[in-house]
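Each protein sequence line maps, in turn, to chains U and H. For the first sequence, the working numbering gives the first residue as 15, with consecutive numbering after it. For the second sequence, the working numbering gives the first residue as 106, with consecutive numbering after it.
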Amino acid sequence: ETGVTQTPRHLVMGMTNKKSLKCEQHLGHNAMYWYKQSAKKPLELMFVYNFKEQTENNSVPSRFSPECPNSSHLFLHLHTLQPEDSALYLCASSQGTLAGVGETQYFGPGTRLLVL
Amino acid sequence: AQTVTQSQPEMSVQEAETVTLSCTYDTSENNYYLFWYKQPPSRQMILVIRQEAYKQQNATENRFSVNFQKAAKSFSLKISDSQLGDTAMYFCAFMKLYSGAGSYQLTFGKGTKLSVIP
């Protein structure tokens, strides 16, 4: 459907578990993003990577740990989560340039996370 | 900080009719981009339309068009000839232009749930 895929699509985990979310983009982009989408709230930007370097961390708790091994892959490692972390986690990518132009972000289908 | 407000949590429209979704934003920036994204029940966020603030002409994309009023900081989306497949959450988003950094943050509104009725 789009060039951004996410796995798994659904995840249920306990508060003591460790799990990872994976995102892959096939668009040749250089910037990748993690967003959190909770009910009744706007999408919240969590992390931004540009050319594999983290450029933004929006005060995200350390129980969320991102990893970007290359420009095509982005992971979100989860550890000791809380029930309030249950949400839809969306990955996005964009061209990522050094020029001062606006860029369209392309989203993956998301991972629906439930923390028990 | 930028804020984006969508004042209509839910709307409905009869199939084949026209509907307008409202969006206002607050910023002190002069150069920026505005977007409308659509998120159908399948959850894939899809870009609908994009507007550059420096362009006076309103963007159009097939049945979708915007009414961009820069002075009023208003950016509404008009959907003509509504189809059942238009049923989705619609998000308005703002992007400030950075110089040099290369990665650009989107600020989203809370969304409008649109239902197209047969």
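Even for Gly, the Cβ is constructed at its ideal location relative to N, Cα and C. This one's a predicted model, so the numbers in the text were calculated from it and none came from an experiment.
First and last residue of the uninterrupted beta strand (DSSP E) at residue i
i: THR212 of chain H; result: 211-213
i: CYS82 of chain U; result: 78-84
i: GLU38 of chain U; result: 32-39
i: MET46 of chain U; result: 45-51
i: ALA198 of chain H; result: 193-201
i: LYS175 of chain H; result: Where LYS175 of chain H is concerned, there is no enclosing beta strand (DSSP E), given that its DSSP letter is neither H nor E.
i: GLN119 of chain H; result: 115-119
i: LEU126 of chain H; result: 124-126
i: SER112 of chain H; result: Note, SER112 of chain H: premise wrong, no beta strand (DSSP E); not H, not E.
Residues bridged to residue i (per DSSP)
i: TYR159 of chain H; result: Bridge partners of TYR159 of chain H: none, in fact.
i: SER170 of chain H; result: H:THR165 and H:LYS183
i: PHE65 of chain U; result: Answer is none; PHE65 of chain U lacks a bridge partner.
i: CYS105 of chain U; result: U:TRP48
i: GLN144 of chain H; result: H:MET194
i: MET27 of chain U; result: U:VAL129
i: GLN20 of chain U; result: U:CYS37
Proximal residues of chain H, C-beta to C-beta of residue i below 7 Å
i: GLN119 of chain U; result: LEU211
i: GLY124 of chain U; result: ARG148
i: LEU104 of chain U; result: MET150
i: LEU128 of chain U; result: By Cβ distance, chain H contributes nothing, its closest Cβ being about 15 Å from LEU128 of chain U, past 7 Å.
i: LEU35 of chain U; result: What LEU35 of chain U touches in chain H: nothing, since even the nearest Cβ is about 14 Å away.
Partners in chain U for residue i, counting only beta-carbon separations shorter than 8 Å
i: LEU219 of chain H; result: By Cβ distance, chain U contributes nothing, its closest Cβ being about 17 Å from LEU219 of chain H, past 8 Å.
Within chain H, partners of residue i - CB distance below 8 Å
i: LYS55 of chain U; result: LYS215
Rounded straight-line distance, which links the Cα of residue j to that of residue i
i: VAL171 of chain H; j: ASN163 of chain H; result: 6 Å
i: TYR137 of chain H; j: LEU219 of chain H; result: 26 Å
i: LYS178 of chain H; j: LEU211 of chain H; result: 16 Å
i: VAL153 of chain H; j: GLU166 of chain H; result: 8 Å
i: LEU88 of chain U; j: TYR195 of chain H; result: 26 Å
i: LEU189 of chain H; j: CYS197 of chain H; result: 20 Å
i: LEU57 of chain U; j: ARG168 of chain H; result: 26 Å
i: ALA193 of chain H; j: ASP186 of chain H; result: 15 Å
i: PHE65 of chain U; j: LEU130 of chain U; result: 35 Å
i: ALA158 of chain H; j: THR94 of chain U; result: 43 Å
i: GLN109 of chain U; j: THR118 of chain U; result: 8 Å
i: GLU38 of chain U; j: PHE121 of chain U; result: 11 Å
i: TRP141 of chain H; j: VAL18 of chain U; result: 19 Å
i: PRO75 of chain U; j: VAL62 of chain U; result: 15 Å
i: VAL221 of chain H; j: GLU98 of chain U; result: 32 Å
i: PHE213 of chain H; j: PRO80 of chain U; result: 22 Å
Chain-ordered neighbours of residue i on chain U, where CB pairs are closer than 9 Å
i: LEU152 of chain H; result: THR118, GLN119, TYR120 and PHE121
Inter-stretch contact (C-beta, 8 Å, three-pair minimum) for the segment 136-155 of chain H and the segment 113-121 of chain H: The segment 136-155 of chain H makes no contact with the segment 113-121 of chain H; the number of CB pairs closer than 8 Å stays below 3.
For the segment 27-34 of chain U against the segment 48-56 of chain U, are there 3 or more C-beta pairs whose distance is under 8 Å? They do not touch, by the three-pair rule.
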